[in-house]
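Asks: Counting from 1 along the sequence shown, just add 44 to a position and that's the residue number in the numbering used here.
Cβ coordinates follow ideal geometry from the N, Cα and C atoms, glycine included.
All figures in this text were calculated on a predicted structure; none of them were measured in a lab.
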Amino acid sequence: MRIVLVGPPGAGKGTQATRLAEKLRIPHISTGDLFRANISRQTDLGKLAKSYMDAGNLVPDEVTIAMAKDRMEQPDAVDGFLLDGFPRNVQQAEALDALLKSEDIKLDAVLDLEVPEEEVVKRIAGRRICRNDSSHVFHESYSAPKQAGVCDTCGGELYQRDDDSEDTVRTRLEVYHTQTEPIIDYYKAQGLVVTISSLGPVDEITRRALEALKREDATQ
Ligand code: AMP
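1. Between residue 245 and the ligand AMP, is there a pair consisting of the residue's CB and a ligand heavy atom that are separated by less than 7 Å?
2. Apart from the five residues on each side of it in sequence, which residues of its chain come closer than 7 Å, Cβ to Cβ, to residue 175?
3. Would you please state the rounded distance, in angstroms, between the beta carbons of residue 213 and residue 165? I believe it to be under 8 Å.
4. Who pairs with residue 237 in a beta bridge, going by DSSP?
5. Going straight from the alpha carbon of residue 123 to that of residue 206, what length do you get?
6. May I ask you to verify whether the region 172-186 touches the region 135-152, counting CB pairs closer than 8 Å and requiring at least 3?
7. Work out the CA separation of residue 222 and residue 216 for me, nearest whole Å.
8. How long is the line joining the alpha carbons of residue 66 and residue 86, rounded to whole angstroms?
9. Restricting to Cα atoms, I'd like to know which of 51, 112, 232 and 46 is closest to residue 157.
10. Does the contact criterion of 3 or more C-beta pairs under 8 Å hold for the region 93-102 versus the region 74-83?
11. Identify the continuous beta strand (DSSP E) that holds residue 128 and give its terminal residues.
12. Indicate the three-state DSSP secondary structure (helix, strand or coil) for residue 149 in the structure shown.
13. By Cβ distance below 7 Å, which residues in the same chain neighbour residue 139 in space, the five residues on each side in sequence not counted?
14. Going by C-alpha to C-alpha distance, which of 208, 238, 257 and 237 sits closest to residue 101?
15. Only counting the same chain, and skipping five residues up and downstream in sequence, which positions put a Cβ closer than 6 Å to that of residue 115?
16. Check whether the Cβ atoms of residue 55 and residue 159 lie closer than 8 Å to each other.
17. Considering only the beta carbon of each residue, do residue 152 and residue 260 sit closer than 8 Å?
18. Go to residue 95, then tell me how far its alpha helix (DSSP H) extends in each direction, as first and last residue.
19. Along the chain, where does the beta strand (DSSP E) containing residue 43 start, and where does it finish?
20. Can you tell me which residues form a DSSP beta bridge with residue 260?
21. So residue 115 is in the alpha helix (DSSP H); what residue range does that whole segment cover?
22. Can you tell me the Cα-Cα spacing of residue 188 and residue 178, whole angstroms?
23. Could you check what DSSP says for residue 159 in three-state terms: helix, strand or coil?
What follows is the structure, given as structure tokens:
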């Protein structure tokens with residue numbers, strides 16, 4: 045399957061993407077994770093991306109699209125992928141369409157994770173991520189690690205993302221509403237959008253998502 049995951053920051057895209065990709069046996073492609081990997085390797089791309097990310101803004105389309113395209117063309121993504129955080133505006137959605145068209149392939153679904161704005165702010169403020177593996181995510185009150193600051197899964201150090209500060213979160217939400225939300229209508233016009241609530245236990249949300257995707261797959 046070829047799936048795009050959308051939702052505001054804090055909707056649980058990363059958590060659900062990891063779980064769904066494992067269940068569906070497709071690679072999880074997160075442009076945010078690709079940028080963060082470039083930042084820790086101190087590449088030119090990482091240096092460029094960091095200033096935009098720290099301010100809560102989108103990294104320019106040209107470099108983002110090139111990076112996403114390169115990742116989607118890796119051998120493990122030939123039969124499917126789950127895109128998390130890409131596309132993030134209509135120009136990127138159009139570029140993705142053009143890329144897929146040139147390969148004569150199509151998206152199967154766009155999974156939209158819905159969550160109220162007050163919940164988003166609470167989730168992000170308490171979010172702590174493992175330095176060793178960004179799929180190990182904790183929350184200071186909702187899913188606290190056994191030992192503060194230490195990852196339960198691998199013992200890695202937990203940290204707060206630079207762009208999870210309150211001011212930056214506000215900008216990221218604004219960017220989501222003005223630039224990313226319009227892609228939902230763009231994909232609705234293609235009949236691809238399935239919306240689920242991203243409230244409740246993590247397992248329950250994964251179950252909801254898999255059911256919604258199964259229904260979508262059956263209509264193909
Ligand atoms: P994420 O991990 O998906 O929340 O992304 C973190 C940050 O990386 C975003 O706030 C953007 O600054 C940048 N980013 C990730 N994906 C994209 C994208 N598709 N287009 C532009 N910037 C992006």
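Replies: In short:
1. Checking the Cβ of residue 245 against the ligand AMP gives no.
2. Around residue 175: 200, 201 and 203.
3. Correct: roughly 6 Å between the Cβ atoms.
4. Paired residues: 154.
5. Each residue's alpha carbon lies about 34 Å from the other.
6. Taking a contact to require three or more Cβ pairs closer than 8 Å, the region 172-186 and the region 135-152 do not qualify as touching.
7. Straight-line Cα distance between these residues: approximately 10 Å.
8. Cα-Cα distance, rounded: 29 Å.
9. Considering only alpha carbons, the answer is 51.
10. Three or more pairs of CB atoms, one per stretch, sit closer than 8 Å, so the region 93-102 contacts the region 74-83.
11. Note, residue 128: beta strand (DSSP E), 125-128.
12. Residue 149 falls in the coil class under three-state DSSP.
13. Result list for residue 139: 109, in chain order.
14. Taking only the C-alpha atoms, the option nearest residue 101 is 208.
15. Sequence-distant partners of residue 115 (beyond 5 residues in either direction) whose C-beta falls short of 6 Å from its own C-beta, in its chain, are 73.
16. For residue 55 and residue 159, yes; Cβs fall inside 8 Å.
17. Contact: yes.
18. Unbroken alpha helix (DSSP H) run through residue 95: 88-99.
19. Because the chain in this structure spans residues 45 to 264, residue 43 falls outside the shown range and cannot be described.
20. As far as DSSP is concerned, residue 260 takes part in no beta bridge.
21. Per DSSP, the unbroken alpha helix (DSSP H) holding residue 115 starts and ends at 105-116.
22. Looking at the two C-alpha atoms, the distance is approximately 16 Å.
23. Here residue 159 sits in coil by DSSP.
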